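Residues 1 to 154 in the UniProt record's numbering are what the sequence shown lists, from first letter to last.
Glycine included, C-beta positions come from ideal geometry on N, C-alpha and C.
All values reported here derive from a predicted model rather than from experimental measurement.
See below for the structure under consideration.
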Amino acid sequence: MNTNALGKSSAVFKYGEIIFGLLALSLFRAAYGSLFSELSSGYGRASASEEGLNKDLVIHGTLVGLFLSTLIFPFALLYGHKTGSMEIIHGGVSALFYLATGGLLLKDFTQGNAEFRMKFEKMMIASGAFCIILALVFLADVFYVAVKGRKDND
1 MNTNALGKSS
11 AVFKYGEIIF
21 GLLALSLFRA
31 AYGSLFSELS
41 SGYGRASASE
51 EGLNKDLVIH
61 GTLVGLFLST
71 LIFPFALLYG
81 HKTGSMEIIH
91 GGVSALFYLA
101 TGGLLLKDFT
111 QGNAEFRMKF
121 EKMMIASGAF
131 CIILALVFLA
141 DVFYVAVKGR
151 KDND
């Protein structure tokens, strides 16, 4: 095992991606938990199936699936994996999906009067903002790996 690899800049990008991914996922799940508790007491919005099942599946898939796939990379670095094209492809796809997810969340929950927002809506907006930040971290990671790879090939 190469524990020195866990301190390299490529590992630091992965730590940031994991932290922001966990924050976005946690806020999204907590917001849904508060929504369902409000719905059970007779208040709130329409159910998730009425709001658009496909959109919810993309958001859940992005937040859970890409978060889990990102967890693998620090362990791979620990066992000697060299950064390269796999990180560029994973980072590019992740940035695209997190940007789309953040955009969907912000679009859906920033409309209306900000004074009367429910806790659910505020948490969804925060989750969307973390998705946008995470997309930027992934893009920075892709750029870093691409520049590093180009320097190593020269």
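query, result
"Burial state of TYR98, where buried means 16 or more other Cβ atoms lie within 10 Å", "buried"
"Of the residues ILE133, LEU68, LEU104, the one placed nearest GLU121, counting alpha carbons only", "LEU104"
"Three-state secondary structure (DSSP) of HIS81", "coil"
"Beta-carbon gap between PHE28 and MET124 smaller than 8 Å", "yes"
"Any 3 or more C-beta pairs closer than 8 Å across the region 72 to 89 and the region 129 to 136", "no"
"For PRO74, the nearest candidate out of VAL58, LYS148, ALA5 (CA to CA)", "ALA5"
"For LYS8, the three-state DSSP class (helix, strand or coil)", "coil"
"Of the residues SER69, ALA31, GLN111, the one placed nearest TYR15, counting alpha carbons only", "SER69"
"Contact check, GLU110 vs ILE59, beta carbons under 8 Å", "Here residue 110 is Thr; the residue named in the question, Glu, does not match the sequence. It is not a contact, given that the beta carbons lie outside the stated cut-off."
"CA nearest to the CA of VAL64, picked from SER10, LEU22, ILE89", "LEU22"
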